[in-house]
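Report on one structure; see the data block that follows.
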Amino acid sequence: MTELLAFALIASAGMLVQSTVGFAGSLLAVPLFSLLMSPRDAVPGYAFLMLAVNGFLVCEGRRHIQWRSVRGLLLGGLPGVPLGALALKHLPTSLIGAAISVVTLLFGLLFLARVRIRFPAHPVTKPLIGLLSGMLGGSISESGPPVVIYGLSRQWAKDAFRSSLLAYFLCLCVASTSSYVALGMVTSHMLLLAACALLPALATARLGVLLKQRINERAFRLTVLATILVVSISGLLKHVVL
Numbered sequence: 030m031t032e033l034l035a036f037a038l039i040a041s042a043g044m045l046v047q048s049t050v051g052f053a054g055s056l057l058a059v060p061l062f063s064l065l066m067s068p069r070d071a072v073p074g075y076a077f078l079m080l081a082v083n084g085f086l087v088c089e090g091r092r093h094i095q096w097r098s099v100r101g102l103l104l105g106g107l108p109g110v111p112l113g114a115l116a117l118k119h120l121p122t123s124l125i126g127a128a129i130s131v132v133t134l135l136f137g138l139l140f141l142a143r144v145r146i147r148f149p150a151h152p153v154t155k156p157l158i159g160l161l162s163g164m165l166g167g168s169i170s171e172s173g174p175p176v177v178i179y180g181l182s183r184q185w186a187k188d189a190f191r192s193s194l195l196a197y198f199l200c201l202c203v204a205s206t207s208s209y210v211a212l213g214m215v216t217s218h219m220l221l222l223a224a225c226a227l228l229p230a231l232a233t234a235r236l237g238v239l240l241k242q243r244i245n246e247r248a249f250r251l252t253v254l255a256t257i258l259v260v261s262i263s264g265l266l267k268h269v270v271l
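For the sequence shown, my numbering begins at 30 and goes up steadily by one.
Here it is, written out as structure tokens:
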């Protein structure tokens with residue numbers, strides 16, 4: 030019961046962030062999961078939950094989706110997901126937990142410092158970024174940072190940025206959940222975690238949709254990123270130092 034409640038609370042917090050700013054939900058939720066439970070349970074369980082919630086968010090923002098912007102990313106992202114899922118299945122749990130903390134800390138610092146990376150205008154740029162994103166998504170459910178950094182470098186409009194990213198994440202969620210099923214990684218306990226968190230996560234996702242036009246987004250984002258850094262450092266202490 031305690032694990033179910035913890036999963037629901039963490040997932041709901043992640044979905045609130047995801048629906049408000051369009052990304053960083055997994056950066057907050059996944060490191061917290063890794064402090065409390067095995068990533069092999071938490072990552073697929075969260076993917077099933079994200080499939081439902083991202084579907085809701087994509088319907089809400091469908092008018093602003095720019096499929097041309099994400100098509101190239103999907104060319105690399107979709108085949109990258111099963112590669113990441115294989116890593117999640119076969120690598121040691123301690124290594125996966127450490128990877129979650131390191132990746133989260135790295136991208137959290139990049140976002141906090143507002144680092145802008147210039148990408149070359151080349152046909153393979155998007156597929157390569159998508160491939161990295163898909164592998165991170167399939168292995169540790171953190172597909173967002175590479176494509177967010179790319180989107181910021183292209184200066185996408187705010188609504189198009191948020192909605193197009195959510196559509197991209199929805200496609201990767203379909204690939205992730207399909208990969209976990211095909212690899213025999215789905216358990217009844219995992220599905221129970223996702224089912225118990227579904228209604229609270231949908232509620233906070235709806236709250237985020239309402240809040241996004243009413244709050245100081247910069248202050249909210251800074252608070253989220255500061256929390257992410259604290260959580261990722263805690264994860265490093267658990268998985269690497271201790």
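The C-beta atom is built at its ideal place from N, Cα and C for all residues, glycine as well.
**Asked** How many angstroms separate the CA atom of G264 from the CA atom of L139?
**Response** A direct Cα-to-Cα measurement between G264 and L139 gives close to 18 angstroms.
**Message:** So, for I125: in the same chain, excluding its five sequence neighbours on each side, which residues have a beta-carbon less than 6 angstroms away from its beta-carbon?
**Reply:** Cβ neighbours of I125 beyond the five flanking positions: P68.
**Prompt:** Got a sec: does the ligand NAP put a non-hydrogen atom nearer than 7 angstroms to the Cβ of L135?
**Reply:** As far as ligands go, the structure on display features none, and thus does not contain the ligand NAP.
**Prompt:** For C88, is the classification buried or exposed, using 16 other Cβ atoms within 10 angstroms of its Cβ as the cut-off for buried?
**Reply:** exposed
**Prompt:** What separation, rounded to the nearest whole angstrom, lies between the Cα atoms of G173 and V50?
**Reply:** Taking the straight line joining both Cα atoms gives about 12 angstroms.
**Item:** For S162 and R145, the rounded distance between their alpha carbons
**Value:** 17 angstroms
**Euclidean distance between Cα positions of G54 and V110** = 18 angstroms
**Asked** Just to confirm, are P60 and V260 a CB contact at a threshold of 8 angstroms?
**Response** yes
**I146 - DSSP class collapsed to helix/strand/coil** = coil
**Prompt:** Between C225 and L33, is the Cβ-Cβ spacing less than 8 angstroms?
**Reply:** Yes, these two residues count as a Cβ contact at 8 angstroms.
**Request:** Would you mind reading off the limits of the alpha helix (DSSP H) that contains R100?
**Result:** Per DSSP, R100 belongs to the alpha helix (DSSP H) from 96 to 119.
**Request:** Can you tell me which of A248, G213, G180 puts its alpha carbon nearest to the alpha carbon of R97?
**Result:** Sorting A248, G213, G180 by C-alpha distance to the C-alpha of R97 places G180 at the top.
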